[in-house]
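Each residue of the sequence shown is one higher than the last, beginning at 72 in the working numbering. Everything below concerns the one structure shown next.
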Amino acid sequence: MRKDVKIWQRALRDAEAYLGAIDGDFGKGTRRASFEAANLKEAQPSSFADVTMINHKATRNRPITGSLRAKLAASVVAVYGPTATIAVYSGGQDRKGAGSRRTGSVRHDDYGGGGKAADCYVYVEGRKIYGVELAKLGQYWLGMGYGGVGLEMATGGIHLDEWVKPPKGGGMFWTYKYSDRKPWGATVRAMLEAGHRGELPK
């Protein structure tokens with residue numbers, strides 16, 4: 072983890088967005104520089120959520136990019152407030168053609184610096200959220216133009232990625248059969264459609 076943060080800090084320094092130490096600490100200076108590099112509004116430390124990586128035993132066990140991590144950290148607080156946290160249970164994976172530890176599409180592939188997608192659980196005041204509440208984050212992600220969204224997986228998961236132009240054969244958002252079969256399935260899909268039109272959740 073610290074090694075990956077150091078890689079990100081060097082990239083930020085090369086972009087003249089970060090002047091701090093290359094120490095592997097994703098602290099205040101690194102967070103601020105990440106937002107500047109991603110053309111995001113600078114935020115105070117209280118505007119960031121904890122992002123926990125719990126994917127070490129997953130097939131997609133690689134880290135995610137620093138910019139994706141920064142967007143996750145800011146987005147959950149923007150949508151749910153300062154008590155929100157996010158846990159990445161499926162992160163980066165071997166790039167197609169460059170390793171066998173992979174599954175699914177190329178969205179999670181590590182092109183250097185971490186995977187461009189994360190499957191996540193979101194918690195508010197320690198409680199995992201589902202359904203329409205979880206879809207608010209998906210709508211926000213699409214509305215901000217951060218990338219693609221897929222939800223909801225049977226475990227309460229949401230897919231968030233940095234693909235502002237989807238890979239061949241893919242779309243900017245999708246729902247899973249688990250979600251579609253729920254009474255709130257149509258509402259969730261409508262929220263993602265609204266986000267794709269640039270509308271943020273209310």
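All C-beta atoms, glycine included, are put in the ideal place defined by N, C-alpha and C. Treat the numbers as computed from the prediction; the structure is a model and nothing was measured.
Contact between residue 196 and residue 217 does not hold, since the beta-carbon distance rounds to 24 Å and is not under 8 Å.
Residues of the same chain with a CB within less than 8 Å of the CB of residue 81, apart from the 5 flanking positions on each side, are 93 in chain order.
Following the DSSP letters along the chain, one finds residue 250 inside the alpha helix (DSSP H) bounded by residues 248-251. In this structure residue 223 is buried. Its beta-carbon is surrounded by 16 or more other beta-carbon atoms within 10 angstroms. Around the Cβ of residue 251, a 10 Å sphere holds fewer than 16 other Cβ atoms; the residue is exposed. Straight across, the Cα-Cα distance linking residue 273 with residue 159 is about 25 Å. In the structure shown, residue 166 adopts coil according to DSSP, grouped into three states. Comparing alpha carbon positions, the residue from 268, 221, 263 and 238 closest to residue 248 is 221. Spanning the alpha carbons of residue 83 and residue 180 requires a straight line of approximately 21 Å. Residue 77 sits in a helix when the DSSP states are folded into three classes.
For residue 124, the enclosing beta strand (DSSP E) covers residues 121-124.
Residue state for residue 156 is assigned as strand, using DSSP reduced to three classes. Per DSSP, residue 271 lies in no beta strand (DSSP E) segment and is marked neither H nor E.
Residue 170 is positioned such that its CB atom lies no closer than 8 Å to that of residue 135. The beta carbon of residue 79 is closer than 6 Å to those of 137 in its chain, skipping five residues each way along the sequence. In the same chain as residue 121, and ignoring 5 residues on each side of it, the C-beta atoms closer than 8 Å to its own belong to 144, 156 and 157, in chain order. Around residue 151, the same chain offers 195 as residues with beta carbons nearer than 6 Å, after the five sequence neighbours per side are excluded. Annotation: residue 141 is outside any beta strand (DSSP E); the continuous alpha helix (DSSP H) that includes it extends over 137-151. For residue 206, DSSP assigns no beta-bridge partner whatsoever.
Annotation note: the segment 176-206 contains the following uninterrupted beta strand (DSSP E) runs of length 3 or greater, listed N- to C-terminal: 188-195.
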